[in-house]
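Notes for the one structure printed next.
Chains as they are written, first to last, in my numbering: chain A, 20 to 282; chain B, -15 to 251; chain C, 4 to 159.
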């Protein structure tokens, strides 16, 4: 049995450790931003990372979006049918996707698919001394390796979230209109009547941009900060996925509270 | 003549987490020579190399390379200097996402604006020098350990550096590759008019190719000399190292309390 | 992976992403149909707005003609002030009636403008004088019950 003093000390150590890491991550962010000129001077490097984070995630994002839309369509219809208002199915599907599910689920998938890959790549480059070798050649790894991956993720994320939402709406339409037989005109017009461009869509895009920023930062930071062993890299990857997921959900709550209060 | 000394390390100290790793190292390396720094594992020789390359800031003393005091430079100035330094890492540290050709071309592309055709000629020349011109299309994963080390060597000398640093260039190589790398280090050094520093514990291979050897133990230089001087040396440390004896000035046992105390405590 | 292949894929990716954004903006959102950039403001006072919400639609003859921008409570007159942004293309006569309706039985509530025959038109910033409050379902039911009860007493 541990004494209360020991428990308090462990709590204190845990908090100090986390605050220290957060501060370290912020300093790291400042350093990355300082060396981000490379995305303009050498866009090819960032294009490569958009390819790896974005283009290679197209399939998983499209398929997930479609299925989420199909499920929303089925569940929404099932519930709305009880109130006899199946014509608002379009609004339901579109609003849930554009405001919440699109940015959040796409960001979670992005963290698992691209974030973990970025951490693994940077972590392994560190373990095999590739980063040190680059540094020794007079090439700053923050500018050459970290900044392009960071910005690649930041750019790719909003586009992926938009794709997710669009595929989801198509999925909802497929179930609602094509299979169940909700009126096509009502589906779209109800949707257009309730989805506001600035209020819903722009806010959704802002959300996905913030998530992309957070996930990309976590991914490059965990990779760069990983312990140079096989175990260290695997732990860093786990941390990327877990921290990203928690950060996305916490940020989503904060952003939603600011964006959609009242109405 | 101080101009003949390319690398001058004066009274270098380095502490890691408050623990002294290097305690007053003095080394002078003349231009054009190949110098080996030897010592057991963990004696601080890799740390010394990192200090010379400016990757670590010494806690005391200073490092001069050419006219520049690396130990007092900012990060930005260091990046400017490093294109004149080449370094071969322990396991090559090739960029695994690039082909052999792109690896060797990397420092050239990063530091110059040469046209692609000229880069191609330069890279193939460097690869030919290490005998791997035919392998330029391969990925690092497809190379054997010895070949990867040779590619890394070609990359380290891609910009015709003044000073080439080798961190354990012989680790994990078979005897043939080991001889090949050793010969290449000497040959490239003389052909480029460069100066080389080699950190290693491979005594037999080093004695064949280097001009001068420093022995480091526990953060201090304990012996130095040309290969011939060292072979004839009566210094107990050199003797232990050259003959690979288990016990001597470098103890076999890690410092521990008397065996009897440890056993009694377990009961 | 050669440079041109990467460029091609990044191009495809960006095109798909932008197409999705456009799809959301034009087909899902109402950027195309209800781009109310050139609007003027009208106000209307109601005793009871029911479940009316800001950003709700303003319709005339069932056509969307504007949006509700703000709803406030007037502490002097104890009524609700509804501010609406009306599409600049449409103008309404001075005897227009603003009423609060419900789309379907449980749908969202909106402001309906019923135009009269007056030649003069409302100008920006004016307040619509004739209004009709929201029908609150509970009130309607209780009125019905009371009148039934009164009928019952009368026949006794």
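Just so it is clear, CB atoms sit at the ideal spot from N, CA and C, and this is done for glycine as well.
Between the CA atoms of residue j and residue i - distance to the nearest angstrom
{"i": "residue 82 of chain B", "j": "residue 5 of chain C", "result": "11 Å"}
{"i": "residue 204 of chain B", "j": "residue 261 of chain A", "result": "46 Å"}
{"i": "residue 169 of chain B", "j": "residue 247 of chain B", "result": "50 Å"}
{"i": "residue 130 of chain C", "j": "residue 95 of chain C", "result": "12 Å"}
{"i": "residue 17 of chain C", "j": "residue 219 of chain A", "result": "22 Å"}
{"i": "residue -2 of chain B", "j": "residue 225 of chain B", "result": "24 Å"}
{"i": "residue 130 of chain A", "j": "residue 68 of chain C", "result": "43 Å"}
{"i": "residue 11 of chain B", "j": "residue 179 of chain A", "result": "57 Å"}
{"i": "residue 112 of chain A", "j": "residue 158 of chain A", "result": "49 Å"}
{"i": "residue 112 of chain C", "j": "residue 120 of chain A", "result": "26 Å"}
{"i": "residue 73 of chain C", "j": "residue 87 of chain C", "result": "7 Å"}
{"i": "residue 184 of chain B", "j": "residue 220 of chain B", "result": "19 Å"}
{"i": "residue 282 of chain A", "j": "residue 211 of chain A", "result": "Because the pLDDT at residue 282 of chain A is just 47, under 50, the model does not fix this residue reliably, and the value given afterwards should be weighed accordingly. Their backbone Cα atoms lie some 17 Å apart in a straight line."}
{"i": "residue 52 of chain A", "j": "residue 166 of chain A", "result": "7 Å"}
{"i": "residue 93 of chain A", "j": "residue 237 of chain A", "result": "36 Å"}
{"i": "residue 139 of chain B", "j": "residue 88 of chain B", "result": "4 Å"}
{"i": "residue 163 of chain C", "j": "residue 55 of chain C", "result": "No answer is possible for residue 163 of chain C: the residues shown for chain C start at 4 and end at 159."}
{"i": "residue 204 of chain A", "j": "residue 192 of chain A", "result": "11 Å"}
{"i": "residue 97 of chain C", "j": "residue 51 of chain C", "result": "22 Å"}
{"i": "residue 75 of chain A", "j": "residue 98 of chain B", "result": "33 Å"}
{"i": "residue 36 of chain C", "j": "residue 80 of chain A", "result": "Below a pLDDT of 50, predicted positions are generally treated as unreliable, and residue 36 of chain C, at 49, falls in that range; the measurement from the model is reported next regardless. Those two C-alpha atoms are separated by around 29 Å."}
{"i": "residue 194 of chain B", "j": "residue 17 of chain B", "result": "8 Å"}
{"i": "residue 42 of chain C", "j": "residue 91 of chain C", "result": "5 Å"}
{"i": "residue 242 of chain B", "j": "residue 223 of chain B", "result": "28 Å"}
Residues that residue i bridges to, as DSSP identifies them
{"i": "residue 20 of chain B", "result": "B:182 and B:197"}
{"i": "residue 7 of chain B", "result": "B:-3"}
{"i": "residue 133 of chain C", "result": "C:100"}
{"i": "residue 45 of chain C", "result": "C:87"}
{"i": "residue 69 of chain C", "result": "C:61 and C:89"}
{"i": "residue 91 of chain B", "result": "The partner list for residue 91 of chain B (beta bridge, DSSP) is empty, contrary to what the question assumes."}
Residue-level contact to chain C via CB, residue i, 7 Å cutoff
{"i": "residue 214 of chain A", "result": "yes"}
{"i": "residue 110 of chain A", "result": "no"}
{"i": "residue 188 of chain A", "result": "yes"}
{"i": "residue 181 of chain A", "result": "yes"}
{"i": "residue 255 of chain A", "result": "no"}
Residue j beta carbon less than 7 Å from that of residue i
{"i": "residue 209 of chain A", "j": "residue 90 of chain A", "result": "no"}
{"i": "residue 133 of chain A", "j": "residue 72 of chain A", "result": "yes"}
{"i": "residue 169 of chain A", "j": "residue 252 of chain A", "result": "no"}
{"i": "residue 88 of chain A", "j": "residue 190 of chain A", "result": "yes"}
{"i": "residue 5 of chain B", "j": "residue 31 of chain B", "result": "yes"}
{"i": "residue 133 of chain C", "j": "residue 100 of chain C", "result": "yes"}
{"i": "residue 265 of chain A", "j": "residue 226 of chain A", "result": "no"}
{"i": "residue 35 of chain A", "j": "residue 138 of chain A", "result": "no"}
{"i": "residue 69 of chain A", "j": "residue 13 of chain C", "result": "yes"}
{"i": "residue 147 of chain B", "j": "residue 114 of chain B", "result": "no"}
{"i": "residue 200 of chain B", "j": "residue 149 of chain B", "result": "no"}
{"i": "residue 179 of chain B", "j": "residue 62 of chain B", "result": "no"}
{"i": "residue 37 of chain B", "j": "residue 155 of chain A", "result": "yes"}
Short CB-CB distance (under 7 Å) between residue i and chain A
{"i": "residue 0 of chain B", "result": "no"}
{"i": "residue 32 of chain C", "result": "yes"}
{"i": "residue 67 of chain B", "result": "yes"}
{"i": "residue 28 of chain C", "result": "yes"}
{"i": "residue 150 of chain B", "result": "no"}
{"i": "residue 63 of chain C", "result": "no"}
{"i": "residue 20 of chain C", "result": "yes"}
{"i": "residue 116 of chain C", "result": "no"}
{"i": "residue 136 of chain C", "result": "no"}
{"i": "residue 123 of chain B", "result": "no"}
{"i": "residue 55 of chain C", "result": "no"}
{"i": "residue 71 of chain B", "result": "yes"}
Contact residues within the region 65 to 81 of chain A, judged by C-beta distance below 7 Å to chain C: 66, 67, 69, 70, 73, 74 and 77
At a CB distance below 8 Å, what residues from the region 120 to 138 of chain A approach chain B? Give them in sequence order. none
Residues within the region 209 to 236 of chain A neighbouring chain B, beta-carbon criterion of under 7 Å: none
Of all the residues that make up the region 143 to 157 of chain A, which are near chain B by a beta-carbon distance shorter than 9 Å? 143, 144, 147, 148, 149, 150, 151, 152, 153, 154, 155, 156 and 157
Could you please tell me which residues of the region 17 to 47 of chain B, in chain order, have their CB closer than 7 Å to any CB of chain A? 37 and 39
Pull out every residue of the region 131 to 146 of chain B whose Cβ sits closer than 7 Å to any Cβ of chain A, in chain order. none
With 9 Å as the C-beta to C-beta threshold (strictly closer), list the residues of the region 73 to 97 of chain B near chain A in chain order. 73, 74, 75, 76, 77, 78, 79, 80, 81, 90, 91, 94 and 95
Members of the region 5 to 17 of chain C that neighbour chain A once the beta carbon cut-off is set at 8 Å: 6, 9, 10, 12, 13, 15, 16 and 17
Residues within the region 74 to 92 of chain C neighbouring chain A, beta-carbon criterion of under 9 Å: none
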